[in-house]
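For any residue, its number in my numbering is found by taking its place in the sequence shown, counting from 1, and adding 148. Note that beta-carbon positions come from the ideal geometry of N, C-alpha and C, so glycine has one too. Being a predicted model, the structure only gives us computed values, none of them experimental. Here's the structure, in structure tokens; my notes come after.
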Amino acid sequence: MERNKLVLDLNKNKEFNYIYKLTEEQIFSKLVNLEQLTFEVTDACNLNCKYCGYGSLYSTHEKRENTFMDFEMAKKIIDYLYNIWSVHLGITSPRKIIFGFYGGEPLLNMPLIK
Numbered sequence: 149m150e151r152n153k154l155v156l157d158l159n160k161n162k163e164f165n166y167i168y169k170l171t172e173e174q175i176f177s178k179l180v181n182l183e184q185l186t187f188e189v190t191d192a193c194n195l196n197c198k199y200c201g202y203g204s205l206y207s208t209h210e211k212r213e214n215t216f217m218d219f220e221m222a223k224k225i226i227d228y229l230y231n232i233w234s235v236h237l238g239i240t241s242p243r244k245i246i247f248g249f250y251g252g253e254p255l256l257n258m259p260l261i262k
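This is the structure in structure tokens:
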């Protein structure tokens with residue numbers, strides 16, 4: 149069976165056997181030692197590129213609904229992480245976090261990025 153057909157057939161079941169399962173402790177450790185935080189600030193896009201992973205050439209992606217992350221949601225995430233970091237020291241000190249912005253076209257949500 150060709151690879152693309154196999155992937156599509158697997159997606160029909162939605163039953164996946166994962167090789168590796170993360171424990172709660174491993175997830176917490178990743179949060180404590182987080183080096184990069186990427187926000188999906190929007191799934192909206194002002195283009196319709198064929199080659200895009202969300203374009204018409206692909207059928208295995210979520211439907212884009214032109215949603216925008218608001219400031220309160222981003223603040224909740226940062227506050228949650230800050231509370232963890234203020235109690236638990238990470239591997240690197242002083243802590244440096246790289247913030248990234250992702251989405252359909254992240255700059256469509258410039259008010260949040262600012």
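In this chain, the beta strand (DSSP E) harbouring residue 249 covers 246-251. Residue range 184-190 is occupied by the beta strand (DSSP E) that includes residue 188. Contact check between the segment 221-235 and the segment 190-207: fewer than three CB pairs, one atom from each, fall below 8 Å, which does not count as touching. Straight-line measurement puts the Cα of residue 249 at about 10 Å from the Cα of residue 260. Nearest to residue 196 by C-alpha distance, out of 252, 257, 210, 182, is 252.
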